[in-house]
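Residue numbers (the numbering used here), protein chains in the order written: chain A, 0 to 141; chain B, 0 to 141.
Ideal Cβ placement from N, Cα and C applies to all residues, glycine included.
Source: prediction; values computed, not measured.
Have a look at the structure below, then the notes.
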DNA sequence: CTAAGCGTTGCCGCCGACGTCAAGGCAAGG
DNA sequence: CCTTGCCTTGACGTCGGCGGCAACGCTTAG
């Protein structure tokens, strides 16, 4: 199998495969004409890389999985180094999710406050004596 | 106030301030010697930008807040354009958090499966007759 | 023979928010 | 005068994961 076919079967591009090779992740044999040659095991390696990439793993983080497969294990995560990457990633994900939730709450609070402030201003301008609460989600005085 | 003092009071660097100026976010008056000159209102603008940046807003997303302040409003989010940015950001945050939670679950599942597989292999090798469950978090047989 | 369609290497471009020089000007203290 | 420390502009570097182009070689079909 040549680079174009492998790329297509893995749903990626030849540029990506050459990039992986330049990083030492997916070395290729060469045919007599200089063309890269791949087999089904390489496809398996590549799919492992792509799956982890889709999860948001950096390329370097996929290396233990690839080496694990090349060591003959049927699964890329059948090695301690791969499990360590999983665990570290879980920690990072938890931390990131917590942080994003915190930001989400703060932004949500700012939005609510700003909407209240604008509502009060509008009401004071319209009815200086008695401001009525307005549902901002509707956007009109229905 | 010159650029160094403003940077320090806002907890950032002069490079950052010049970058903001190059983006048209924080224009500066110039003294007779060519030095940039800032006042307290500029500090307020800058703090608004920094707060949003800390929330993960892109620079361009802070522009409505800055323009709102420069239009004379006491708060950068006292304008509809700012509220629109808040709302869009909330949507992005929700989507991102959901996605990360999904990834977290999948990675967690992979880790659990891989740990089970390794435990089974170890047990089979050691005690072919009766595999005992081992706590992977402890790491030893104590 | 020729053209199409693969392959090869190499290098620059991109995105965002700056960091890091380089080379020089200006101000203030001893 | 000299040094120190601030300021100026301009330009290149960073990080990750490729995209895209140039300029060339191989192969195969018509």
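Quick check on this structure: which residue in the options has the alpha carbon closest to the alpha carbon of residue i?
{"i": "residue 60(B)", "options": "111(B), 112(B), 23(B) and 110(B)", "result": "23(B)"}
{"i": "residue 81(A)", "options": "96(A), 48(A), 93(A) and 101(A)", "result": "48(A)"}
{"i": "residue 1(A)", "options": "20(A), 29(A) and 19(A)", "result": "29(A)"}
{"i": "residue 37(A)", "options": "92(A), 20(A) and 87(A)", "result": "20(A)"}
{"i": "residue 45(B)", "options": "31(B), 57(B) and 10(B)", "result": "10(B)"}
{"i": "residue 114(A)", "options": "97(B), 116(B), 75(B) and 95(B)", "result": "75(B)"}
{"i": "residue 52(A)", "options": "15(A), 71(A) and 72(A)", "result": "15(A)"}
{"i": "residue 34(A)", "options": "78(A), 17(A) and 50(A)", "result": "17(A)"}
{"i": "residue 40(A)", "options": "116(A), 57(A) and 66(A)", "result": "66(A)"}
{"i": "residue 43(B)", "options": "56(B), 57(B), 6(B) and 117(B)", "result": "6(B)"}
{"i": "residue 72(B)", "options": "26(A), 117(A), 50(A) and 25(A)", "result": "117(A)"}
{"i": "residue 77(B)", "options": "57(A), 119(A), 25(A) and 3(A)", "result": "119(A)"}
{"i": "residue 58(A)", "options": "8(A), 12(A), 25(A) and 13(A)", "result": "25(A)"}
Step through the CB atoms of chain B and report whether any lies within less than 8 Å of the CB of residue i.
{"i": "residue 0(A)", "result": "no"}
{"i": "residue 30(A)", "result": "no"}
{"i": "residue 138(A)", "result": "Because residue 138(A) carries a pLDDT of 38, less than 50, the predicted location of this residue cannot be relied on, and no value is offered for it."}
{"i": "residue 59(A)", "result": "no"}
{"i": "residue 18(A)", "result": "no"}
For residue i, would you say it is in contact with chain A, using Cβ-to-Cβ distances shorter than 8 Å as the test?
{"i": "residue 126(B)", "result": "Because residue 126(B) carries a pLDDT of 49, less than 50, the predicted location of this residue cannot be relied on, and no value is offered for it."}
{"i": "residue 89(B)", "result": "yes"}
{"i": "residue 74(B)", "result": "yes"}
{"i": "residue 114(B)", "result": "yes"}
{"i": "residue 55(B)", "result": "yes"}
If I'm right that residue i touches residue j with Cβ under 8 Å, what's the distance once you round it to whole angstroms?
{"i": "residue 102(A)", "j": "residue 54(B)", "result": "5 Å"}
{"i": "residue 106(A)", "j": "residue 68(B)", "result": "About 18 Å separates the two Cβ atoms, so there is no contact after all."}
{"i": "residue 143(B)", "j": "residue 110(A)", "result": "What is shown of chain B runs 0 to 141, which leaves residue 143(B) out entirely."}
{"i": "residue 96(A)", "j": "residue 99(B)", "result": "5 Å"}
Could you name the residues of chain B that residue i contacts, counting a contact when the two beta carbons are closer than 8 Å?
{"i": "residue 96(A)", "result": "96, 99, 100 and 103"}
{"i": "residue 109(A)", "result": "76 and 85"}
Mind listing the chain B neighbours of residue i? Cutoff is C-beta to C-beta under 7 Å, in chain order.
{"i": "residue 65(A)", "result": "By Cβ distance, chain B contributes nothing, its closest Cβ being about 15 Å from residue 65(A), past 7 Å."}
Is it the case that the CB of residue i approaches a heavy atom of the ligand FAD more closely than 7 Å?
{"i": "residue 87(B)", "result": "Among the ligands in the structure shown, none appear at all, so the ligand FAD cannot be discussed."}
For a contact meaning CB atoms closer than 8 Å, what does residue i contact in chain A?
{"i": "residue 92(B)", "result": "99, 102, 103 and 106"}
Using the beta-carbon of each residue, which ones in chain B are nearer than 9 Å to residue i?
{"i": "residue 82(A)", "result": "110, 113, 114, 117 and 135"}
**Message:** Extract the residue ranges of the beta strand (DSSP E) inside the stretch 23 to 51 of chain B, only unbroken runs of 3 or more that lie entirely within it.
**Reply:** As for any beta strand (DSSP E) of minimum length 3 sitting wholly inside the stretch 23 to 51 of chain B, there is none.
**Whole runs of the alpha helix (DSSP H) within the stretch 40 to 121 of chain B, excluding any shorter than 4 residues** = Qualifying alpha helix (DSSP H) stretches, in chain order: 58 to 69.
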